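Engineer:
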Amino acid sequence: MTSEAPSKEEIVQHFQNLCGQQRQMQGKLAELRQEKGEHELVAATLKDADSDRKAWRLVGGVLTERTVGEILPALEEQVKGLADIMEKIQTAMNEKAKEITEYREKHQIMVKGMAASGPATGSGQGKSGVLVQ
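Under the numbering used here, the first residue of the sequence shown carries the number 21, and numbering increases by one thereafter.
1) Cβ atoms of Lys56 and Ala103: under 8 angstroms apart, would you say?
2) With a threshold of 8 angstroms on Cβ separation, who are the neighbours of Ile109 within its own chain once the five nearest residues in sequence on each side are excluded?
3) According to DSSP, simplified to helix, strand and coil, what is Glu24?
4) Per the DSSP calculation, Val88 is bridged to which residue(s)?
5) Count the other C-beta atoms from every protein chain shown that fall within 10 angstroms of the C-beta of Arg124, then say buried if there are 16 or more, exposed otherwise.
6) Check Thr141 in the structure and name its three-state DSSP category.
7) Determine the direct distance from the alpha carbon of Ala75 to that of Phe35, and round the result to whole angstroms.
8) Go to Lys74, then tell me how far its beta strand (DSSP E) extends in each direction, as first and last residue.
9) Compare the Cα-Cα distances from Lys132 to each of Pro26, Val32, Ser27 and report the closest residue.
10) Taking Cβ to Cβ, would you say Val88 is nearer than 8 angstroms to Arg73?
11) Could you work out which residue in Glu107, Lys100, Ala25, Ala69 is closest to Glu90 when comparing CA atoms only?
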């Protein structure tokens, strides 16, 4: 049972998939940062309000009437939850970046526009690299 080395096209496709996954994580992280900022802004505004004052909150597409005293703790908990999720995504992004770097070095992938000073190969073997645009 012999395993063939992947073709250059397969290497490029896998590399682009890895980069695409990382971009998706970056997009989700940016979205969560914005959402967290909005929640923090609302929480800061509600902290100055009377706790018996009416407040409206959108929960699962349904607008509910509560008091500031009821909404504020739930909102602060949501901010903490968003921060936890953001931390997990950041960790996953760092792992994905390591995976991309290892894959790029393993297959000697040179991304167009990157500096040509890639990983130095100590052996004099004439391996050909893959250029990704």
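We put the CB at the ideal spot given by N, CA and C, even for glycine. In this text the structure is predicted, and so the values were computed from the model without any measurement.
Structural biologist: The answer reads as follows:
1) yes
2) Met45, Lys48, Leu49, Leu52
3) coil
4) Its beta-bridge partners do not exist; DSSP assigns none.
5) buried
6) At Thr141 the pLDDT is 47, less than 50, meaning the model places this residue with poor confidence and gives no usable figure here.
7) 49 angstroms
8) 74–79
9) Val32
10) yes
11) Ala69
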